Amino acid sequence: MTDERRIADPKDTVPRDLEEGEIQAEGGTNENQAARDDPPPAGTARADLPGEKSKETPRASSLLPELLQKMSATLDALLESTERQNRANGTITDELRSIGADVRARPLEPSFSEDRRHESIQ
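Counting in this note's numbering, the sequence shown runs from 31 upward without gaps.
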């Protein structure tokens, strides 16, 4: 066991070993976690030669049509939902307009509260 793998817990009187992936109180991690997060050494990565395709490119390009198809289906469903909502809103608007026309066509009658107000004034 190395000293880097031992931390002092304020609750413990004796330092204890870090578990795999456990984060230290200072915000660091144990050696194994830190090694996974570090980029590879500079000598291990190589640039693709001109005319040579990356190993990632065929996979990404094969996923692109599937992604576009899913996006298209999602947009179609969203458009259909929006059209339904617009029709429902139009129906509600028409009903409110007809109610408003009915209210404007009738003479206003005094309400119960207005009758009581007139009685209290006299």
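Don't be surprised by glycine CBs; every beta carbon is placed ideally from N, CA and C. Just so you know, these numbers come straight off a predicted model, no measurement behind them.
Using C-beta distances below 6 Å, list every residue in its chain close to residue i, excluding the 5 sequence neighbours before and after it, in chain order.
i           : result
residue 139 : none
residue 126 : none
residue 132 : none
residue 64  : In this predicted model, residue 64 has a pLDDT of only 49, less than 50, meaning its place in the structure is not dependable; the value taken from the coordinates is given anyway. No residues qualify anywhere along the chain.
residue 106 : none
Leaving out five residues before and five after residue i in sequence, what residues of the same chain have Cβ atoms less than 7 Å from its Cβ?
i           : result
residue 95  : none
residue 110 : none
Keeping to the same chain, check which residues put their C-beta closer than 8 Å to that of residue i; ignore five residues upstream and five downstream.
i           : result
residue 113 : none
- Item | Sequence ranges, alpha helix (DSSP H) only - wholly within the region 84 to 133, length at least 4 | none
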